[in-house]
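Taking it in order: structure first as structure tokens, then the write-up.
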Amino acid sequence: MKNIEEQRSKLLKSYDLLDTNPELEFDNITFLASTLCNTPISTITLLDENRQWFKSKIGVDNYESPREYSFCSLAIEKSNETIVIEKVMEDNDFKKVGRLNGLTDEGFYAGVPIKDKDTGITLGTLCVIDYVNKTLTDRQIASLEILAEQTSKLFELRKKFKSLAQNNEYLLLRYSELEKFAHVISHDMKSPLNNIISLIGIIKENSVEALNSENEEYFNLIEECSIQLKKYIDGVLNFYKTDSIDLNKKDEIVIADLIEELKSLLDIKSNVKINFSNDYEVIEMNKYALIQILLNLVGNGIKYNDKKISEINIDFKSNSNQYILQVSDNGIGIKPENFKEIYESFKILNIKDRDGNFGTGIGLSTVKKIVDKLGSIQVASEINNGTTFTIYLNK
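Take the UniProt record's numbering: the final residue in the sequence shown is number 395, and no numbers are missing along the way.
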């Protein structure tokens, strides 16, 4: 018996139910039990070490009382199944508890055990009590048993929800730590990397005659790797920066000016042609978010392009609820089986850009991260004929 009590106490702690606030889901069950059985008292009783505690109660003033006052404690000692005592004050075991609860000549008790799903150990009971003798029909008893089973399931769901909430809190904390770590590392690496790139440029410029072809090739390789690493670091910083964007902050954006700014940021060369529709002159949304979306989509359209002239078409439309942004290119295209993978963080497909470099796997995941907070994104593509991204942004 002592072992069962210890297990029950341990289980109750794992459910984290004792001394918690009333909850409507459980109050509905005691209301139904009381109504179905036509009794003034109904409780969901949990049996702690030295007390009984009511998760829900009707017709009882206090939320707890000593175990010696507990019909439910006596009931689970006698049976692991439903117990019905039609005449409490005539039952040798129950009449003592009846007197402690103020019963004199008559009384009624029915209790259904509430069990832990995995162990079968009884945590408490769903019970109904009356001050007079009473008989329940088979249908009433069956209804009580169904309600007790639902109570057990609610306990389990509550426990799982709490576990998920704790895991979610832990993951959010870990993500925050990872974000800070990535930001600090990326920021600390960026400065010396910029210095390396600058120094390589100075050495190459000032030592042209001293460098033989092999040394020059090595310097070019160092420069190329450094620039690629810088792009990766910039991508990581931008990816984590998107979490701090205040998407409720809206800017008035002149599309023509935005396109010119975009060209400047991307350092557009003569072999790139950007077309945009001027149908929609001004929009209102967070400018930084829109710039990040366009930088990545247009940048990819230029990089992953094997045509002599990279052509990008940008189109803004609008309906009553959304802005519709469409970015199309004439690049190498994306295979349909890769449509889902392209948005995965740090996922690198085995595809080289026009300079022979692999991507960082950050750009499109950054776009998706922003767009998921504002609307949705769709992609259509044809190998060797280009890709079109259509983005729906809530106003």
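Even for Gly, the Cβ is constructed at its ideal location relative to N, Cα and C.
Just so we're clear, the structure is a prediction, and the values are computed from it rather than from any experiment.
Nearest-angstrom Cα separation, counted from residue j out to residue i
| i | j | result |
| --- | --- | --- |
| residue 416 | I222 | What is shown of the chain runs 1 to 395, which leaves residue 416 out entirely. |
| Y63 | I121 | 23 Å |
| D306 | E217 | 25 Å |
| Y304 | K352 | 7 Å |
| L136 | E23 | 28 Å |
| A110 | I129 | 7 Å |
| F161 | S9 | 21 Å |
| D61 | V371 | 54 Å |
| L164 | E156 | 12 Å |
| F94 | G124 | 17 Å |
| N286 | A380 | 26 Å |
| Q166 | F316 | 43 Å |
| I78 | D138 | Sequence inspection shows Lys at residue 78; the Ile mentioned does not correspond to that position. If you take the alpha carbons of K78 and D138, they lie about 21 Å apart. |
| E337 | G201 | 41 Å |
| G301 | T119 | 59 Å |
| I83 | L144 | 11 Å |
| D257 | K269 | 18 Å |
| residue 396 | R354 | The chain is shown only over 1 to 395; residue 396 falls outside these bounds and no answer can be derived. |
| S39 | G98 | According to the sequence as given, residue 39 is Thr; it is not Ser. One C-alpha to the other measures close to 16 Å. |
| M89 | N21 | 33 Å |
| I203 | N220 | 11 Å |
| S277 | N313 | 8 Å |
Cβ-Cβ separation, residue j to residue i (assumed contact under 8 Å), whole Å
| i | j | result |
| --- | --- | --- |
| I141 | F108 | Not quite, the Cβ-Cβ distance comes to about 13 Å (not below 8 Å), so this is no contact. |
| G386 | G333 | 6 Å |
| I41 | F54 | Their Cβ separation, rounded to whole angstroms, is 10 Å, which puts I41 and F54 out of contact at 8 Å. |
| K250 | E205 | No, K250 and E205 are not in contact; Cβ-Cβ is about 45 Å, not under 8 Å. |
| N275 | K308 | Going by Cβ atoms, the distance from N275 to K308 rounds to 16 Å, so no, they are not a contact pair. |
| L126 | A33 | 6 Å |
| I383 | K335 | 7 Å |
| F26 | S56 | 4 Å |
| T388 | S318 | Not really, about 18 Å apart at Cβ, beyond 8 Å. |
| residue 410 | Y131 | Here the chain has residues from 1 to 395 only, and residue 410 is not among them. |
| K87 | N133 | 5 Å |
Contacts around residue i, its chain only, beta-carbon distance under 7 Å, and the 5 residues preceding and following it disregarded
| i | result |
| --- | --- |
| N80 | P113, T122 |
| K395 | N321, Q322, Y323 |
| E252 | V282, E284 |
| D116 | L11, L123 |
| L393 | M285, Q322, Y323, L325, L374, G375 |
| N296 | G363, L364, T366, V367 |
| L18 | L12, L46, D48, W53 |
| I4 | I121 |
Beta-carbon proximity list for residue i, same chain, < 6 Å, skipping 5 on both sides
| i | result |
| --- | --- |
| Q378 | T390 |
| L29 | One point to set straight first is that residue 29 is Ile, not Leu, in the sequence displayed. The residues are L147, T151. |
| K368 | Y343 |
| K373 | L247 |
| K273 | I309, E311 |
Close beta carbons around residue i, own chain, < 8 Å, minus the five adjacent residues each side
| i | result |
| --- | --- |
| F31 | S42, I58 |
| L100 | E68, Y69 |
| T159 | For clarity, residue 159 is Lys in the given sequence; the question names Thr instead. Within the same chain, K159 has close Cβ partners S14, Y15, D16. |
| N50 | P66, R67 |
| I293 | L325, V367, I370, V371, I391 |
Residue i Cβ short of 7 Å to the ligand NAP heavy atom set
| i | result |
| --- | --- |
| T30 | This structure does not include the ligand NAP; it has no bound ligands of any sort. |
key: Contiguous beta strand (DSSP E) assignments of at least 3 residues, all confined to the segment 3-77   = The beta strand (DSSP E) runs of length 3 or more contained entirely in the segment 3-77 are, from start to end of the chain, 41-47, 51-58, 64-66.
request  = Return the chain-ordered ranges of every beta strand (DSSP E) run that is complete within the segment 238-322 and spans a minimum of 3 residues.
outcome  = The qualifying runs are 251-254, 272-276, 282-285, 310-318.
key: Continuous alpha helix (DSSP H) assignments of at least 4 residues falling wholly in the segment 73-144   = Every alpha helix (DSSP H) of 4 residues or more that sits fully in the segment 73-144 is shown, in chain order, as 95-100.
task = Starting from the N-terminal side, write out each stretch of the alpha helix (DSSP H) that is 4 residues or longer and does not extend beyond the segment 358-383.
result = You should have 363-374.
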